[in-house]
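First the structure, in the form of structure tokens, and then the observations on it.
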Amino acid sequence: MTTVFIAGSIAISRLDKKIQDRIRKIVDSDFNVVVGDADGADTSIQHCLLSCEAQNVTVYCTGNTPRNNVADWPVHNVVSKARPGTRAYFTAKDLEMARRSDYGLMIWDCKSTGTLSNVIELLSEKKKSVVFVNKNKEFITISEQSGLNYLLTFMSDHARAKAEEKIGLSAKVASMAQEAFSLAPAESEQLEPVGQPETVTNEAPSESFAHTESMKLRSALMSALKEHISRTHLNQSQAAKVFGVTQPRISDLTRGKVDLFGLDALVNMAATAGLRVEMQVRENA
1 MTTVFIAGSI
11 AISRLDKKIQ
21 DRIRKIVDSD
31 FNVVVGDADG
41 ADTSIQHCLL
51 SCEAQNVTVY
61 CTGNTPRNNV
71 ADWPVHNVVS
81 KARPGTRAYF
91 TAKDLEMARR
101 SDYGLMIWDC
111 KSTGTLSNVI
121 ELLSEKKKSV
131 VFVNKNKEFI
141 TISEQSGLNY
151 LLTFMSDHAR
161 AKAEEKIGLS
171 AKVASMAQEA
181 FSLAPAESEQ
191 LEPVGQPETV
201 TNEAPSESFA
211 HTESMKLRSA
221 LMSALKEHIS
231 RTHLNQSQAA
241 KVFGVTQPRI
251 SDLTRGKVDL
261 FGLDALVNMA
271 ATAGLRVEMQ
281 VRENA
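In structure tokens, the structure reads:
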């Protein structure tokens with residue numbers, strides 16, 4: 001049976017009608033629900049489940065006794081080696097719920113690192129989550145890296161800085177992007193070793209030819225990145241967050257200043273944004 005992990009920011013104590021209706025649909029579908037025991041959204045979610053007369057609910061807690069269990073549902077105790085009361089201690093139950101569930105329903109205040117970590121954990125396990133952005137009263141489906149990058153555009157600079165401090169957000173996003181990044185040649189074509197020196201001959205390519213080819217590669221990649229910005233309707237500030245660079249760098253990108261970008265920098269930008277880069281190396285006909 002499908003299991004849904006429902007959670008939200010501790011600062012959210014009142015659930016919007018849209019999220020209440022979504023929870024009711026989950027209950028009416030007879031899905032299993034796993035929920036945490038914290039104050040704030042967890043407790044509000046529990047009360048909503050109770051009002052929906054939900055039966056298939058399990059409350060997860062770190063330690064022996066849940067802090068909140070409004071309907072005395074079955075409890076799943078999670079053992080943590082972290083010091084009691086610390087972030088790592090309570091995070092243990094969230095990781096377990098992400099592992100046990102099939103997808104997530106998250107209620108986010110655009111700054112909670114706990115809820116954001118749940119989304120990232122689910123995505124890393126190839127599981128979809130639907131995030132209700134409480135400020136905008138809208139649902140966003142996160143099933144791939146680009147969805148996560150879009151979600152992050154709702155964060156203020158201050159919230160982003162806090163997330164860097166608390167959970168190392170950029171490193172998490174880059175790590176996920178790296179997993180998706182690959183060099184995939186066509187099966188019918190032979191791939192030459194990348195980064196290996198070629199056999200030196202008397203007719204070595206000229207430096208000008210190499211420079212021209214490098215310009216072509218960088219220009220093509222820049223065009224693809226600009227197309228992604230246009231297709232996803234990102235402004236320069238949002239694009240800077242998605243690609244992990246400063247806003248002036250996005251300005252240089254959109255203006256086609258090829259000489260200001262190395263190939264490695266462009267590849268890293270693509271990877272950070274969760275884009276797949278494919279390269280083919282073949283002999284000239």
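Quick note: the sequence shown uses the UniProt record's numbering, first residue 1, plus one each step.
Note that CB positions come from ideal geometry on N, CA and C, so glycine has one too.
Query                                                                                                         : Result
Closest residue to residue 134 among 143, 124, 238, 115 (Cα-Cα distance)                                      : 115
For residue 61: DSSP bridge partner residues                                                                  : 77
Unbroken alpha helix (DSSP H) run spanning residue 118, endpoints                                             : 113-124
Inter-residue CB distance, residue 61 and residue 15 (contact presumed, cutoff 8 angstroms)                   : Not confirmed; about 21 angstroms, so no contact.
Beta-carbon proximity check, residue 241 vs residue 95, cutoff 7 angstroms                                    : no
Nearest-angstrom Cα separation, counted from residue 31 out to residue 10                                     : 24 angstroms
Separation of residue 104 from residue 248, as counted between CA atoms                                       : 36 angstroms
Residue of 112, 232, 58 minimising C-alpha distance to residue 163                                            : 112
Contacting residues, own chain, Cβ-Cβ under 6 angstroms from residue 37 (five flanking each side not counted) : 59, 61, 66, 67, 68
According to DSSP, residues forming a beta bridge with residue 129                                            : 104, 142
Cβ pair residue 27, residue 52 closer than 7 angstroms                                                        : yes
Buried versus exposed, by CB contacts within 10 Å (16 or more), residue 168                                   : exposed
Under 7 angstroms between C-beta atoms of residue 3 and residue 72                                            : no
From 136, 245, 44, residue whose alpha carbon lies closest to that of residue 170                             : 245
Closest Cα partner of residue 117 within the set 157, 140, 173                                                : 173
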